[in-house]
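Heads up: the structure comes next, in C-alpha cells.
Numbering (the numbering used here), first residue to last: 2 to 83.
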C-alpha cells in the first residue's frame, strides 16, 4: 500500500462553513503485479476534524512501516469507506 494522499474539498466559501469532504487516494497491491488505486471519501462537518483524521492515518502508516503493524492505516480507511 502506498502512503495515502489527502485533500479536503470545502462545501462552500460561506463564512463559518467549515464542512467539506476529505479524500484519500492510495495504491493497493492485491496480487503480484496487480495494483488498484483506491479512493476513500468522507464528509466532515469541520476541516479541523478531517485534518486530525489525516494525522491519525499518517501516524498509523508510519507505525506500520517502521514497526511492522498489519496495515493500520488501511483499516482506518476501510472504516471510513464503508
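For every residue, glycine included, the Cβ atom is placed at its ideal position computed from N, Cα and C. These numbers come from a predicted model, not from an experiment.
Provide the residue(s) that pair with residue 23 in DSSP beta bridges, ordered along the chain. 9, 43
Answer yes or no: do residue 51 and residue 23 have a C-beta to C-beta separation smaller than 7 Å? yes
Can you grab the Cα-Cα spacing for the pair residue 49 / residue 59, in whole Å? 15 Å
So for residue 59, helix, strand or coil by DSSP? helix
Alpha-carbon spacing of residue 5 relative to residue 19, whole angstroms: 23 Å
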